Structure formats: structure tokens, C-alpha cells
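Presented below is the structure to which this report refers.
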Amino acid sequence: MKVFVIAVLVAQIILAEVLEKELNENNQFYKSTLKEYLDHSYTFAERFAGMCEKVLADLKQHDEGSAFQSQKAELDDVLHYVAAMKRNENEKTLANMLKLHEILLSAAKEFKETHQAKQTLIHQLFEKYGAKAIVHDFRKGFVEYLRNFETNFVEYEQSLNDEQLESQAKLIQWFKEFKEEQSFAKKFTSFRYLAASVEDFTSQHEFDGNNEFYKKSVNEFVKLNQPIAESFANILDKVVDDLQDLTQLDPYSATMNSLAYSEMSKKLHDYQKNAVKANLSTALDICGLFITYLDVDKFGENADDVYFKLFAKNGIKELNASFKARFKEYFDKFTKDFHQYLETFNENEKRDHKKVFDWFEEFQKEDDIIEKIRKFIDYFQFFEKLIY
């Protein structure tokens, strides 16, 4: 089942998105390879869909059929996407194949571990309608295709100039490892990784300032700090005003603190007003101020401090709660998104960027929001050099 999916995926994703960009204008290697893949895959698709249709019909009539509702839904989906693929010989084919790929991969493990192991009705029906023969025939044809593909790829590689070889170094390295692999199962898995990780060959996983995920998270981080900056600036303004009325304070100390608070307030107001110019550096700067002045959980330790009383009077405790709630919400979303992003890395990338994976594991374990913010600064350091 999986081989059918990978065949089309590799042809349309790998060749179209990677190889086609470097081929000559006639593009014969791409065209002939794609045609071979599709011709072979469509034949398998028709046989496989025909079998699924029979299995589904029997399931609906069988007394035990009601116990396999999720499997019936999956078979319906397979028929739907195969039919859609056959109707659309354009960009929609890829979308349909990706969906079919998702369905079959999610069902494969369950079929082997549950239905095949326990000889369930599903397994019996697949046996009845020749699933083994269909998959065997396609596997045999696919093995032969891989031999031809390796020969053609070597010729393609030899036709590249030095600049093209350098730009496709990751693809060439993948092929070297792929060619050396003797196990069909592992070879097949290598194709799956290549199909799923095509972004790797267009530098989408490079850890630099151009990384799209990084740019998105920076933008969200900058916006996160803006409303808090305005609220904190307003508190600072009120504290400065209150300081003018406190005669019991040392004049020099009161003046220096007033100047410092006024300067911070101005910076925070500017940050809020110039949202377009706000960047990561200023956002981290502001975040540092938040951590210093907003963490008031140890209220009792500062209760007798005049300055603290002024901050408390003007709403620092409420802003502290809002600050932590906003960052918790942001980190919850970031954790989910970053986890999904890291799942798109292949095994080689995971080894190359082990520090990132290790950092993320530690980041997820941290419960204290202030400490989590401090750890989060390291995230940005993976993409660009930051100086504080």
C-alpha cells in the first residue's frame, strides 16, 4: 500500500520541486521519470481500489461489520482519494496523494499489529481479495524501478556542474546513502523521508534569520510585548508623579529613580507607538525590564519598601498577573507549533541540530514562567547572534 503512495510523491514532490529546478530546459529526465512512476502507480491504484471496494462491500453485509466502523471509513477515504487522483492530472493529484498517504500510513501499523496478528475479519477479507498478490506485484515492479532510477540518477549527477553540485549537496548525499542501502524496507523508508523532507533541499530547515518559522515566532513575540509595554509605561508615569509628593525620601535617590523611570517609560511608549520598527532586540530588551520589575510574587519581602508600595499602588500586581498569563498562552502555542515543526526534520537533521532538540526538551519541562522566559531567549540564539 505504501509503495503506491511513495511512488507518486517522489515523482511529483522530489523531482518537480528539487530536480526540475536544475535540469536543462527540455527536462527529459524529469518527464520520463514522472511518466514511469505514474503509469506504474495508476495500474496499482486501480487494482488496489478494486480490492478495497470488495472488502468494503463485504464488511457492510457481514454480521461483524459493525465492529469495524473506523476501518470502513478509511476504506471509503481510500476509494475517494484514488478516484480523485485518477480524475485530476494536475496539481490536485499531489493534494489527493498526500491525503491518501496520510490515511494509509496511519492504518498500516494497526493492520499489522491487530488485524494480521489476530486474524480478524479485516485480515480475512484482504486475504480473500488478493491483497498480498497486489502488493507483491507492485513491490517487484518498484524494486526494478529503483534499479533504473539509480542508474539514471548517477547520469544526472554526472551532468551537473560544480555550482549545481554544491547547491544540491544534500540531495547528492541522500542518494549516496540511499544507493548503499541493501534492505528494501529501509530503502523504501529513505524514499519516505525524502518525500516528507523536501524542504530540507530548499534550505527551509536552516537555522538562520531567513527561517520562516523563526520569522513568524519573532513577529508574534514582538507583538506579545507591545500591549504590556504600554501598561507598564503608564505605571512608571504614575510612580514618577507620586515621587514628587514624597518628602521623606532622600532627594538625590528620588531624583535618580525618577529619571530612570522616566527614561524607561519613554522607551516603552516608543516601543508601543512604533510597532512597525519594533524588532527582536527591543522586544528582548523590554522583556528584561518586565522580568526585573513585574515579578512581585514575593510581596512580603518588599512590603516595607517605599518604591515597591508605589508600584503596588499603581497596578504592578495586576500587570504581573496579566504578563504571566499572556506569556503562558504564547508559550503553549509556541510549544505546540515548534513540536510540529521539529517533526518535519529527517533523522540526519535531528542529529545535526541535536542542541535544538535538547533545548526544547528542557524548555518544555520548565514550569516557572520567569525561568521559562529566560530559557526562551536561548531559542533566538540558535538563529542569530544576539548581544545584550
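Position one of the sequence shown corresponds to residue 0 (numbering that gives the first Met the number 0), numbered consecutively onward.
C-beta: ideal position from N, C-alpha, C; glycine also.
Since the model is a prediction, treat every value here as computed from it, not as a measurement.
Where residue i falls: helix, strand or coil (DSSP)
i	result
T334	helix
S182	coil
Q163	helix
E63	coil
H352	coil
T343	coil
S321	helix
L55	helix
E365	coil
L245	coil
G129	coil
Pairwise C-alpha distance: residue j and residue i
i	j	result
L283	I227	13 Å
E143	D76	30 Å
T281	Y270	8 Å
N210	E63	51 Å
K71	L58	7 Å
H122	K353	41 Å
D236	I285	16 Å
E73	C51	10 Å
V217	R46	49 Å
K20	F125	Residue placement at K20 is poorly supported in this model, since its pLDDT is 39, which falls under 50; the coordinates are not used for a value here.
K335	S321	22 Å
E165	V153	16 Å
Closest residue to residue i among the options (Cα-Cα distance)
i	options	result
D366	D331, E180, K266	D331
E149	G129, T42, I171, E45	I171
Q225	F307, S158, R325	R325
R138	S230, A48, K186	K186
D377	W358, I368, K237, K178	W358
F43	T334, D136, L245, N160	D136
L223	E360, K327, F381, K349	K327
Y329	P250, V221, Y260	V221
Q380	L248, L55, L279	L279
Buried versus exposed, by CB contacts within 10 Å (16 or more), residue i
i	result
E24	With a pLDDT of only 35 at E24, under the threshold of 50, the placement of this residue in the model should not be trusted; the figure read from the coordinates follows. Looking at its Cβ environment, which holds fewer than 16 other Cβ atoms inside 10 Å, E24 is exposed.
Y213	buried
K364	exposed
L267	buried
K323	buried
>> With three or more C-beta pairs closer than 8 Å as the rule, is the stretch 309-319 touching the stretch 234-243?
In response: Contact between the stretch 234-243 and the stretch 309-319 is established, with three or more Cβ pairs separated by less than 8 Å.
> When the Cβ atoms of the stretch 253-261 are set against those of the stretch 331-350, are three or more pairs found closer than 8 Å?
Replying inline: No: the two stretches stay apart, fewer than three of their Cβ pairs being nearer than 8 Å.
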